[in-house]
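Engineer: Quick note, my numbering runs 6 ahead of the 1-based positions in the sequence shown.
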Amino acid sequence: MTKSSLEDFCEDIVGKAQRGLQLSDQVLADLADITISDLIKIKTGAFNEETVRKLAGPLFLGEEALVSAGNNAWAPRQQEPLEGLHSFTTDYHDMTVNAYLIWDPETSEAAAFDTGSKCDPILQFAEQKSLEIKQIFLTHSHGDHIQDLDKLKNSTNAKVYASDKEPVPGTELFAEGSTFKIGRLSVETMLTWGHSIGGMTFNILGLGSPIAIVGDSLFAGSMGGGRVSYPDALKNNREKILVLPDETIVCPGHGPQTTVAEEKQHNPFFPELNRQ
Ligand SMILES: [Fe+2]
Numbered sequence: 007m008t009k010s011s012l013e014d015f016c017e018d019i020v021g022k023a024q025r026g027l028q029l030s031d032q033v034l035a036d037l038a039d040i041t042i043s044d045l046i047k048i049k050t051g052a053f054n055e056e057t058v059r060k061l062a063g064p065l066f067l068g069e070e071a072l073v074s075a076g077n078n079a080w081a082p083r084q085q086e087p088l089e090g091l092h093s094f095t096t097d098y099h100d101m102t103v104n105a106y107l108i109w110d111p112e113t114s115e116a117a118a119f120d121t122g123s124k125c126d127p128i129l130q131f132a133e134q135k136s137l138e139i140k141q142i143f144l145t146h147s148h149g150d151h152i153q154d155l156d157k158l159k160n161s162t163n164a165k166v167y168a169s170d171k172e173p174v175p176g177t178e179l180f181a182e183g184s185t186f187k188i189g190r191l192s193v194e195t196m197l198t199w200g201h202s203i204g205g206m207t208f209n210i211l212g213l214g215s216p217i218a219i220v221g222d223s224l225f226a227g228s229m230g231g232g233r234v235s236y237p238d239a240l241k242n243n244r245e246k247i248l249v250l251p252d253e254t255i256v257c258p259g260h261g262p263q264t265t266v267a268e269e270k271q272h273n274p275f276f277p278e279l280n281r282q
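Rendered as structure tokens:
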């Protein structure tokens with residue numbers, strides 16, 4: 007896997023942590039004992055290992071994991087195809103966004119998680135596999151994730167569910183702890199807010215591996231920006247997602263799939279979990 011396949015580079019991670027901690031360039035440079043010019047270089051993509059090592063402590067980031075990100079030395083293992091899970095990556099402005107389809111292979115009942123910028127690939131896949139999309143779950147309401155909701159809803163007549171903390175017009179709201187069924191599969195919901203006010207993670211049990219569809223709460227080797235609350239985004243990832251079984255397949259809203267085990271080892275935002 008190449009550098010470009012990860013959602014965030016070293017400079018993105020440094021920027022998210024700095025903004026999250028509300029540190030000015032001057033304060034951060036002083037804490038790290040580097041110059042502002044050195045800091046700017048890092049934040050504009052010019053990796054320097056010595057500087058990054060000095061930044062890790064004041065930003066509460068894992069030093070080795072951050073250096074590894076700067077050296078493009080790590081990416082999650084490519085997941086084996088799993089019957090019952092498929093991802094759809096669509097373009098949105100200068101980035102890409104992921105949506106997912108989960109289905110019970112026995113009953114062919116399916117649920118979509120977000121829509122991405124275009125839902126046609128989801129509809130085509132469902133038709134090819136003779137899946138019936140009965141439910142649409144939204145991880146959060148940011149435009150890139152729900153851009154094609156009207157079309158997906160109208161094409162499937164599926165019920166649409168959104169977080170009660172982050173309502174979306176035309177949806178049914180659910181609270182953290184709600185459970186759903188997709189055929190024989192079970193879906194449990196966890197509030198993993200911080201990137202958005204009501205961001206939800208869906209834990210799916212009943213396929214070959216447990217699956218967590220996390221929206222922008224957590225990325226492979228990074229996390230969504232803590233736009234609403236960086237401390238709570240960290241806390242929710244730490245206490246709700248990264249305590250799931252190691253083999254749990256993590257399906258983020260951007261970038262590649264990963265696992266809880268790999269994130270505990272390599273995600274620089276959780277240095278207390280990193281085992282290098
Ligand atoms: Fe988002």
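Don't be surprised by glycine CBs; every beta carbon is placed ideally from N, CA and C.
Since we're looking at a predicted model, the values are computed, not measured.
Alpha carbon to alpha carbon, what distance is there between S169 and E245?
Structural biologist: Distance between the alpha carbons of E245 and S169 is about 19 angstroms.
Engineer: Can you round the beta-carbon distance between W80 and G227 to whole angstroms, since I take them to be within the 8 angstroms contact cut?
Structural biologist: Right, the Cβ-Cβ distance comes to about 7 angstroms (below 8 angstroms), so this counts as a contact.
Engineer: Go through the region 148-217 residue by residue and report every complete run of the beta strand (DSSP E) that reaches 3 residues or more, in order.
Structural biologist: Listed in chain order, the complete beta strand (DSSP E) runs (minimum 3 residues) inside the region 148-217 are 165-169, 178-180, 185-188, 191-197, 206-211.
Engineer: Note the first and the last residue of the continuous beta strand (DSSP E) segment covering E115.
Structural biologist: Here the beta strand (DSSP E) through E115 covers 115-119.
Engineer: Which of the three DSSP states, helix, strand or coil, is assigned to D18?
Structural biologist: Correct three-state label for D18: helix.
Engineer: Going by the CB atoms, is the gap between E13 and T50 shorter than 8 angstroms?
Structural biologist: The answer is no: Cβ separation not under 8 angstroms.
Engineer: Taking only heavy atoms of ligand 1 into account, decide whether any of them is closer than 7 angstroms to the Cβ of H201.
Structural biologist: Under cutoff, so the answer is yes.
Engineer: Can you say whether I2 is buried or exposed, counting buried as having 16 or more other CB atoms within 10 angstroms of its CB?
Structural biologist: Outside the displayed range of the chain (7 to 282) lies residue 2, so it cannot be described from this structure.
Engineer: Would you say G259 touches ligand 1, meaning its beta carbon is less than 7 angstroms from a heavy atom?
Structural biologist: Yes, ligand 1 has a heavy atom inside 7 angstroms of this Cβ.
Engineer: Alpha carbon to alpha carbon, what distance is there between L211 and A23?
Structural biologist: When rounded, the distance between both Cα atoms is 32 angstroms.
Engineer: Leaving aside the five residues before and after W109 along the sequence, list all residues of the same chain whose C-beta is less than 6 angstroms from its C-beta, in chain order.
Structural biologist: Counting only Cβ-Cβ distances below 6 angstroms, and skipping sequence neighbours, we find G90, A116, L137.
Engineer: In angstroms with no decimal places, state the Cα-to-Cα distance between N54 and I48.
Structural biologist: The alpha-carbon atoms of N54 and I48 are separated by roughly 7 angstroms.
Engineer: In the DSSP assignment, find the unbroken beta strand (DSSP E) run with H92 in it and report its ends.
Structural biologist: Where H92 is concerned, the enclosing beta strand (DSSP E) stretches over 91-98.
Engineer: Would D31 and I42 qualify as a contact pair, given that the criterion is a beta-carbon distance under 8 angstroms?
Structural biologist: Yes.
Engineer: Measuring alpha carbon to alpha carbon, tell me which residue in T207, E172, V174 is nearest T185.
Structural biologist: Considering only alpha carbons, the answer is T207.
Engineer: On the three-state DSSP scale, how would you describe S10?
Structural biologist: Any reading at S10 must be qualified, since the residue scores a pLDDT of 47, below 50, and its modelled position is unreliable; the value itself is stated next. Three-state result, S10: helix.
Engineer: Please determine whether the Cβ atom of H99 lies at a distance below 7 angstroms from any heavy atom of ligand 1.
Structural biologist: The answer is no for H99.
Engineer: Please name the residue in Y167, E133, P82 whose C-alpha comes closest to that of C257.
Structural biologist: Comparing Cα positions, the closest option is P82.
Engineer: By the three-class DSSP mapping on this structure, what secondary structure does F131 have?
Structural biologist: F131 falls in the helix class under three-state DSSP.
Engineer: Which partner residues does L107 have in the DSSP bridge list?
Structural biologist: H92, A118, per the DSSP bridge assignment.
Engineer: What separation, rounded to the nearest whole angstrom, lies between the Cα atoms of C125 and L155?
Structural biologist: Straight-line Cα distance between these residues: approximately 8 angstroms.
Engineer: For ligand 1, list every residue whose C-beta falls under 5 angstroms from any of its heavy atoms, going in chain order.
Structural biologist: Residues with a Cβ closer than 5 angstroms to any heavy atom of ligand 1, in chain order: H148, D222.
Engineer: Rounded to whole angstroms, what is the Cα-Cα separation between K165 and K159?
Structural biologist: Using only the alpha carbons, I get a separation of about 7 angstroms.
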